[in-house]
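Numbering (the working numbering), first residue to last: 2 to 639.
All remarks here apply to the structure that follows.
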Amino acid sequence: MKPSSALVGRTRDREAIAARLEEGARLVTLLGPEGIGKTALAAEIARAREALVVSLEGAAGEPAAIDRILVACGAPGGDVAAALAERGELLLVLDGATKASGALVARLLERAPEATVLATSRERLDVEGEIVHELGPLDVAGGDAVLVLVAAAKRAASTYAPRPEDVPHLVAIARTLEGVPLALELAGARLPLVGAPMLARETRSPLEEAAQRSFDALGAGDRQMLAMLSVFRGGFTVEAAARVADADVAHVASAIDGLRARSLLRTRDASAARFDLYAPLRGVVVRALPAVVAAARERHAAWFVAEAEAAAARAHHDPAARRRLVDERDELMAVIERATSGRPSAREAEPALRAIVALSTVLLARGPVAAVAAIVSPLVERTRDSGADPRLSARATALRGAIRRERGDVRASLTDLLTAESIARAVGDELLASDLLVELGRTVLAAGEVASAREHFDRAARAYASLGARSAEAHATALLGATSGVLGDVAAARALLERACALSARDRLARPALLVLLARACAEAGDHRAAADAIEEAIALGAAEDDVHARGDALVLRALAQHDAGDLDGAAAALEAARDLFAGHGLDADAAIARGWLGVVARERGRAAAAYALLADARDACAAGGRPAHAASFGVHL
């Protein structure tokens with residue numbers, strides 16, 4: 002039993018299994034598909050507990066399994082249960098167990114009462130008292146998957162070291178491979194040969210052969226169910242699966258449970274009862290049953306677009322509705338991308354337009370901005386004269402304007418937002434008009450017109466208050482406070498931002514961005530302790546809620562505070578994290594700002610050449626990206 006690489010991450014898994022063993026569990030089964038890292042985790046646990054380790058891989062039947070256990074016990078030819086009983090308190094690790102091993106394990110536990118078994122398997126053993134620990138992929142966002150990728154590259158070429166510009170490509174590779182350790186190791190071995198950019202373009206999972214074998218072993222009913230489940234991109238609940246399968250919830254729940262028991266589905270989020278397929282299996286299924294998949298995609302699109310529109314209608318005053326949009330973002334993006342592949346007609350493009358408009362309240366904070374930017378403009382143009390609801394066209398145009406601002410094109414952003422505003426006024430949509438006041442304020446602020454921005458935010462906050470849209474009122478109030486601070490009214494800035502945070506106390510999705518603004522106001526007022534508390538809460542909450550903008554901005558604020566305190570190493574680490582986060586989500590101007598501050602830190606460390614290169618790059622990128630104030634600041638440092 003030799004793990005293919007040193008164990009990276011898995012802290013929660015190790016702690017959970019240790020807790021089960023300490024609680025007296027007699028049989029714990031590590032469940033997961035081929036290549037997920039079951040053997041490596043079991044080996045780590047075995048080393049910590051001085052366990053007896055036996056590989057059952059390739060053991061043909063129970064007699065062969067018994068022989069291997071006896072050899073490990075040092076008692077070949079004896080009675081296996083007696084040999085284990087003689088060893089007293091013992092952890093027996095059975096690597097590569099199968100359902101057929103269940104009867105043997107049950108007898109061993111009965112006759113060796115002090116023994117405990119930790120098994121690794123692709124299926125449940127179905128033994129009474131069995132505790133199943135489902136092993137998922139490594140964390141991509143947290144960096145564990147990238148660490149495995151780089152470690153594999155270093156084993157292939159000891160001098161390999163990733164460059165800063167390689168980081169987004171490494172993250173993309175890890176995401177494509179879904180954090181599966183075996184796939185990461187195989188891909189990592191090629192990194193020194195082809196480099197990160199090329200590997201990111203050509204990466205395909207090497208696990209499809211194993212997935213094909215698993216699929217071929219299924220009955221017709223299970224194959225059909227997998228085909229329908231393959232249309233989900235971001236995971237699914239039993240309710241959503243039943244809608245897409247057009248079947249009874251109880252029947253679908255039973256089918257999902259059976260597929261999980263054979264490691265053909267994984268638990269994506271246990272607390273939310275959300276499941277998913279691995280990408281290699283999805284590819285196999287889609288090729289095998291294209292007609293079933295196509296019909297399921299139609300039901301998937303119809304249900305998710307309707308659900309998203311209903312949630313979007315409540316999102317300004319109901320945090321739970323906005324969370325629903327966040328949770329189903331990946332599904333709606335899948336609907337949008339399928340509907341816009343090729344050159345769809347205006348009728349075919351309209352569901353995609355409806356979906357992306359429903360998502361507009363969460364897309365800018367959580368991305369993927371680059372992917373959305375590539376989709377929105379063609380959709381707006383394709384449906385311009387199609388007879389679509391003018392409110393729908395206005396919101397789509399507004400979203401395009403907001404994205405153009407985030408990408409640095411302030412002039413085009415203003416054109417779109419003013420067009421959308423005129424439509425909102427014409428149709429009497431007060432909520433849309435209020436939203437556009439906020440977007441126009443943010444755009445004129447990006448152009449350096451602070452007083453005008455403050456006026457827009459003030460009008461928006463008052464409008465939202467009259468409409469009872471408290472979440473939106475909190476956001477507009479926070480922006481009003483931030484611009485008050487820029488204009489020098491520090492006391493008003495802090496008061497307004499504290500009001501905004503109070504309004505959003507129970508809104509975990511909105512709160513990270515407001516905390517960033519409050520941290521800036523507290524720092525301007527000289528209350529560095531309050532600023533630090535707001536920054537750390539924003540980082541933690543931004544990570545938990547996948548708010549890329551807020552988390553990255555808070556990391557930059559942390560870096561600036563560390564810089565002022567003389568902690569240059571800490572500042573550099575925070576800025577590098579912010580740079581990589583922004584770059585990985587297509588937020589080029591924000592990534593440039595982080596690079597610029599890294600240049601400032603490099604100068605103070607005495608690294609003049611690196612500082613010059615970083616500052617020059619940041620100055621030019623900020624100027625091109627619609628961030629003139631930052632461009633000027635980095636020019637001064639340069």
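We put the beta carbon where it would ideally sit given N, CA and C, even for glycine.
All values reported here derive from a predicted model rather than from experimental measurement.
For residue 269, the enclosing beta strand (DSSP E) has its first and last residue at 267-270. The three-state reading of DSSP puts residue 49 in helix, counting H, G and I together. Spanning the alpha carbons of residue 442 and residue 535 requires a straight line of approximately 24 Å. Under DSSP, residue 121 shares a beta bridge with 31, 96. Residues of the same chain with a CB within less than 8 Å of the CB of residue 86, apart from the 5 flanking positions on each side, are 112, 113, 114, 115, 116 in chain order. Between the segment 318-334 and the segment 422-441 there are fewer than three inter-stretch CB-CB distances shorter than 8 Å, so the stretches are not counted as touching.
Between the segment 208-220 and the segment 282-296, the count of Cβ pairs shorter than 8 Å is three or higher; the stretches touch. Between residue 55 and residue 95 the beta-carbon gap is near 6 Å, inside 8 Å, which marks them as a contact. The segment 96-104 makes contact with the segment 121-141: 3 or more CB pairs, one atom from each, lie closer than 8 Å.
Here residue 129 carries a coil assignment [DSSP, helix/strand/coil]. Judged by DSSP in its simplified three-state form, residue 134 adopts strand.
Taking one beta carbon from each stretch, the segment 463-483 and the segment 422-433 have 3 or more pairs nearer than 8 Å; the two touch.
About 3 Å separates the beta carbons of residue 417 and residue 402, which is inside the 8 Å limit, making them a contact pair. In the displayed model, residue 624 falls within a helix according to three-state DSSP. With contacts defined as CB atoms closer than 8 Å, residue 553 and residue 572 fail to qualify as a contacting pair. The residue among 527, 581, 522, 28 with its C-alpha nearest the C-alpha of residue 550 is 581. For residue 356, the three-state secondary structure derived from DSSP is helix.
CA-CA distance, residue 461 to residue 479, rounds to 11 Å. The beta carbon of residue 488 lies closer than 8 Å to those of 451, 452, 455 in the same chain, with the five residues before and after it left out. Here DSSP, grouped into helix, strand and coil, assigns residue 233 to coil.
A residue is called buried when at least 16 other Cβ atoms come within 10 angstroms of its Cβ; residue 199 does not meet this threshold and is exposed.
Contact between residue 359 and residue 309 holds, since their C-beta atoms are separated by about 4 Å, short of 8 Å. The beta carbon of residue 229 is closer than 6 Å to those of 245, 246, 297 in its chain, skipping five residues each way along the sequence. Checking the DSSP bridge columns, you'll see residue 277 partnered with 267. Taking the C-beta atoms as reference points, residue 575 is found nearer than 8 Å to residue 560. Residue 180 is a Cβ neighbour of residue 141, given a cutoff of 8 Å.
32 is the residue among 75, 32, 144 whose C-alpha sits nearest the C-alpha of residue 119.
Per DSSP, the beta bridge partners of residue 56 are 96. Taking the Cα positions, residue 609 is about 7 Å away from residue 603. Assignment of residue 542 by DSSP, reduced to helix, strand and coil, places it in the helix class.
For the options 221, 261, 148, 597, the alpha carbon positioned closest to that of residue 133 is the one of 261.
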